[in-house]
Structures are given as C-alpha cells and as structure tokens.
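See below for the structure under consideration.
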Amino acid sequence: MTSFSLRQVKLRPGEHYRDELEVELSPLNYGGQRYLPVPDKVPAEFEVTRANTGTVFSLAFTARLFGPCYRCLGDAVLELPIRAREYQDEYPKDEEMRTEYVDGNNLDVSGWARDAIALALPDKILCRPDCAGLCGECGKNLNDEPHTHEEAHVDPRWAALEALREDS
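Under numbering that gives the first Met the number 0, the residues of the sequence shown are numbered 0 to 167, in order.
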C-alpha cells in the first residue's frame, strides 16, 4: 500500500508541492470478475496545493488492467489514463468536506488510486470494440467461429404455447 506522509510538506496558502510517486495498485473486482493491474506499481504525478481553507491533492497516472472480456470471456486489456483530485477542508463543518483518504498526517494514495480507477471504468470491459461474444445456442466464441444455427431447437414443453400462437 502506498501512502504519503503529509508531515513532510509544510505549505502556505498558494504554494504547492509536486513529486513523482510509485503507486501500488491492487486487483479490482468489477462486474463479478477480477481485473489485475499490470504492472502493479506505476509511476504517478502527485501534487499538493495549499488553499486558504484547505488542501487540494492531484494524482495522474496510467493504469493497465487485464481480465476477462464481458462478452466472450477472452483476455481483455484496458488502458486507462487517470486524473483525480481531492479536497481536504482544514476545518470541516460537514463530513463531505473531509476526504476519506487522509488519516491523521497520512494520505492513502493506493486507496485513492483504486477508487479513481473504479470511477474511470467503462460499463463493459471488452477484448475489442466489435466483440461478437459467445453463441447463445452452442457457447462457441463468435469472434473465432462466426456461424448461425439453421434450425431453432424448440423445447417440446413449449409446443402447446406455440400452437396457441399459430392459431391467433
């Protein structure tokens, strides 16, 4: 877990501190699937800016996730450019103005990076934009073997309902 000690930064309002960090990324569970960051440690640009009433934290890095495709279950690789900002009010009247990543004088950079990745994820992680998925009839990967089934296999238990549909 990557953390940053805020004790090492003594800033006045208007001043900022910039540094390169190596952020440790943890595996991510998304849509019931597990996605692994590769590499699990990435370089990141980190900045702390002191405002009159609080502190602004900025983080920028690129994450690469490996895991299953949503449609065909093949290997999918997703590269995400991440830019995240957090604000910590010096004297918060409301909990919304306090960032959950600051605990005392430590900033949980890994937790913040994990949540920033989760917010940047697309609805579906695909192996390619035009992924055809799996055949609903036989389960074969339609990207490798595009095909159709000539004859629809009707469950005999539905035959009575089919007869009603033909009568109307």
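Beta carbons: idealized from backbone N, C-alpha and C, even for Gly. In this text the structure is predicted, and so the values were computed from the model without any measurement.
Asked                                                                                                                                                                        : Found
Between Glu150 and Glu136, what straight-line distance do the alpha-carbon atoms span, to the nearest angstrom?                                                              : 11 angstroms
Compute the Euclidean distance between the alpha carbons of Lys92 and Glu44, then round it to the nearest angstrom.                                                          : 30 angstroms
With a cut-off of 8 angstroms on the beta carbons, I'd call Leu77 and Leu35 a contact; round off their distance for me.                                                      : With 8 angstroms as the limit, Leu77 and Leu35 do not qualify as a contact, their Cβ atoms being about 11 angstroms apart.
Flag this pair as touching only if the region 101-110 and the region 0-9 have three or more C-beta atom pairs under 8 angstroms; answer yes or no.                           : yes
How is the beta strand (DSSP E) around Ala75 delimited, first residue to last?                                                                                               : Asp74 to Asp88
Using CA coordinates, which residue listed in Asn142, Tyr69 and Tyr100 is at the minimum distance from Arg33?                                                                : Tyr69
Restricting to Cα atoms, I'd like to know which of Pro12, Leu10, Glu161 and Cys126 is closest to Leu169.                                                                     : Absent from the model: residue 169. The displayed extent of the chain is 0 to 167, so no value can be given.
Please return the same chain residues whose Cβ sits closer than 8 angstroms to the Cβ of Leu141, not counting the five positions on each side in sequence.                   : Cys71, Ala131, Gly132, Leu133 and Cys134
Go ahead and pull the three-state DSSP assignment for Arg49.                                                                                                                 : strand
Just to confirm before moving on: does the CB-CB distance between Val47 and Tyr16 stay below 8 angstroms?                                                                    : yes
Does DSSP put Ser25 in a helix, in a strand, or in coil?                                                                                                                     : coil
Spatial neighbours of Val108 within its chain, please: CB distance less than 8 angstroms, with the 5 preceding and 5 following residues excluded, ordered by chain position. : Thr1, Ser2, Phe3, Leu20, Val22, Ala43, Phe45, Leu58 and Tyr100
Between which two residues does the beta strand (DSSP E) containing Leu35 stretch?                                                                                           : Gln32 to Pro36
Just verifying my parser: in three-state terms, what is the DSSP assignment at Pro155?                                                                                       : helix
Just list the residues that DSSP pairs Pro67 with in beta bridges.                                                                                                           : Asp74
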